[in-house]
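What follows is one structure encoded as structure tokens, with my remarks underneath.
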Amino acid sequence: MDTDTLLIEENPIFSEQVSFGDIIKVRQEEEVYYYIETLRKSELIRHSWLLSQEISDSAELVVIKDRINDIKGRTEQVFGGLLVINISLEHESEIVDEINKLIKKFDR
């Protein structure tokens, strides 16, 4: 990659335009990089949830996050309760269902 091309290594929290694994073109002015375009989207699909503290601290969530990592996905938990995952299309449905079931279990 050249100096104007970057691999996104974390999920930007305040933008869903790019996500972990995307390759983007940027313009640098001094210490600031300005987004130009996405050259290649990641093969992983991004999802996010705002979770209660009870869910965030649960053993069940740890199990799901470990499973995501085992199947070559990625998890990030930001500000305590914002869960962001990047998952392959092959496993997307089952993982999203598991997280939604966990949320329903705790929200009763």
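Read in order, the letters of the sequence shown are residues 1 to 108 in full-length UniProt numbering.
Here a beta-carbon is modelled for each residue, glycine too, at the ideal position from N, C-alpha and C.
Using the C-alpha atoms, what's the distance from N69 back to I55? Translated into positions along the sequence shown, residue 55 becomes position 55. Translated into positions along the sequence shown, residue 69 becomes position 69. Rounded to the nearest angstrom, the two C-alpha atoms are 19 Å apart.
Cα separation between G21 and Q77? The residue given as residue 21 occupies position 21 in the sequence shown. The residue given as residue 77 occupies position 77 in the sequence shown. Cα to Cα, G21 sits roughly 17 Å from Q77.
Do you know offhand how far K41's Cα is from K25's? Numbered from 1 along the sequence shown, position 41 holds the residue referred to as residue 41. Numbered from 1 along the sequence shown, position 25 holds the residue referred to as residue 25. Rounded to the nearest angstrom, the two C-alpha atoms are 12 Å apart.
Measuring only the C-alpha atoms, how far is E29 from D4? On the sequence shown, position 29 is the one that residue 29 refers to. On the sequence shown, position 4 is the one that residue 4 refers to. E29 and D4: Cα-Cα distance of roughly 11 Å.
Roughly how many angstroms lie between the CA atoms of Q53 and G80, to the nearest whole one? Start at 1 with the first residue of the sequence shown, and residue 53 comes out as number 53. Start at 1 with the first residue of the sequence shown, and residue 80 comes out as number 80. Near 7 Å, if we compare the C-alpha coordinates of G80 and Q53.
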